Ligand code: NAP
Ligand code: F7E
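In my numbering, the protein residues as written are 52 to 401.
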């Protein structure tokens with residue numbers, strides 16, 4: 052019997068939250084995976100180390116290369132060496148608040164990085180290579196009506212991160228139209244997990260409340276409590292990335308849960324799950340959360356966590372993905388929080 056050729060995927064951003072879940076998924080699907088990691092002075096492979104030394108994964112099918120999408124030559128060389136069936140571009144300076152501090156760098160990586168990969172595919176004439184662009188709900192930015200956003204909602208980004216993602220989105224569409232490259236955009240709304248970076252708000256809240264609970268921290272300091280987000284689980288969203296590239300034609304897809312919560316609600320739910328009850332007092336930047344049991348302030352606010360321009364409302368309509376990709380989220384926000392809390396608590400339960 053003829054041997055079935057394994058598919059080869061190249062993941063830029065494999066060391067990040069989404070890259071690690073996607074790598075797990077593709078290994079289970081028997082892909083050969085190549086991942087690109089940046090040189091760093093300290094270890095940056097924490098999220099994927101288990102792929103190399105666990106019996107659950109075939110570590111003969113995963114290879115890591117040094118590279119950086121700010122470097123067009125190395126990007127082209129890696130793609131040329133591997134000639135993958137699928138390229139997932141998950142690499143980015145992905146922190147919105149940080150993009151106000153390092154706008155030029157953010158644009159170089161998050162916008163031009165995507166262009167460098169697509170140019171490599173074009174120059175190398177890789178007609179069969181499919182490209183996934185990690186687009187973002189941050190592209191919507193200033194939302195006029197507080198309703199579910201879909202693939203035809205106009206973009207009005209509110210940060211250089213959002214602006215860069217709009218550039219990368221349109222670059223993917225352009226390479227599809229101009230050169231016939233199979234380039235698709237996944238417009239993913241916020242997705243979180245135990246592997247979320249520590250300065251994103253969900254991880255900061257869960258990690259902070261757990262540390263307060265076990266007596267390692269007194270207070271959690273945050274910014275805007277009233278922003279609305281649509282939070283899903285990164286593990287579910289990795290499945291959507293794969294499905295997007297298996298669809299019969301390249302296209303653009305909203306991936307979300309269509310559920311909304313404020314940052315404050317996320318705090319209240321997390322606190323309740325930890326048997327902590329919070330009473331909110333004060334207004335504006337002086338608003339504080341008191342632990343009802345002790346009367347002590349456990350949450351306060353600091354202007355430094357506010358953004359010059361905020362994205363106030365995000366909720367996604369994923370009907371198109373549900374209908375054509377047969378994708379829907381399987382993990383509720385509630386179970387997402389349970390998963391994140393369990394992970395943090397395990398650090399202290401020996
Ligand atoms: P993340 O945890 O911040 O991961 C970003 C990845 O990009 C990391 O592997 C990082 O490497 C890598 N990277 C950064 N700069 C690079 C460079 N110059 N060259 C090569 N690699 C570089 O982000 P994530 O949450 O997994 O998100 C994955 C992608 O989806 C990002 O593009 C993000 O903007 C986008 N996105 C995320 C969400 C979300 O809610 N999570 C929603 C929509 C879109 P290090 O590990 O060395 O830092
Ligand atoms: O903020 C508010 C903050 O940084 C969420 C990235 O993955 O999702 C993410 O971007 C909300 C904002 O995520 C703090 O102002 C309050 O309104 O967790 P975040 P984000 O900015 O929505 C999108 C879809 C991406 O594409 C991005 O890559 O929470 N907030 N207090 C705070 N946010 C942070 N980080 N820290 C606070 O102390």
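Using N, Cα and C, we set each Cβ at its ideal position, and we do this for glycine too. Treat the numbers as computed from the prediction; the structure is a model and nothing was measured.
- In terms of side-chain proximity, the C-beta atom of residue 80 is found no nearer than 8 Å to any non-hydrogen atom of ligand 2.
- DSSP places residue 316 inside the alpha helix (DSSP H), whose first and last residues are 314-324.
- When the five nearest sequence neighbours on each side are left out, the beta carbons in the same chain lying within less than 7 Å of the beta carbon of residue 193 are those of 207 and 209, in order along the chain.
- Residue 245 counts as buried, since at least 16 other C-beta atoms from the protein chains shown sit within 10 angstroms of its C-beta.
- In this structure, the alpha-carbon of residue 111 lies about 32 Å from that of residue 241.
- Distance from the CA atom of residue 340 to the CA atom of residue 255, rounded to whole angstroms, is 15 Å.
- Residue pairing by DSSP puts residue 116 in a beta bridge opposite 87.
- If you look at residue 122, you'll find it isn't in any beta strand (DSSP E); DSSP assigns it neither H nor E.
- Our two residues, residue 83 and residue 397, have alpha carbons roughly 32 Å apart in a direct line.
- Boundaries of the alpha helix (DSSP H) around residue 392: 384-397.
- In this chain, the beta strand (DSSP E) harbouring residue 137 covers 137-140.
- Scanning its chain for C-beta atoms nearer than 8 Å, with the 5 sequence neighbours on each side dropped, one finds around residue 251 the residues 146 and 243, in chain order.
- Counting the other CB atoms within 10 Å of its CB gives residue 103 a total below 16, which places it among the exposed residues.
- Selection 76, 270 and 140 evaluated against residue 113 yields 76 as nearest (Cα-Cα).
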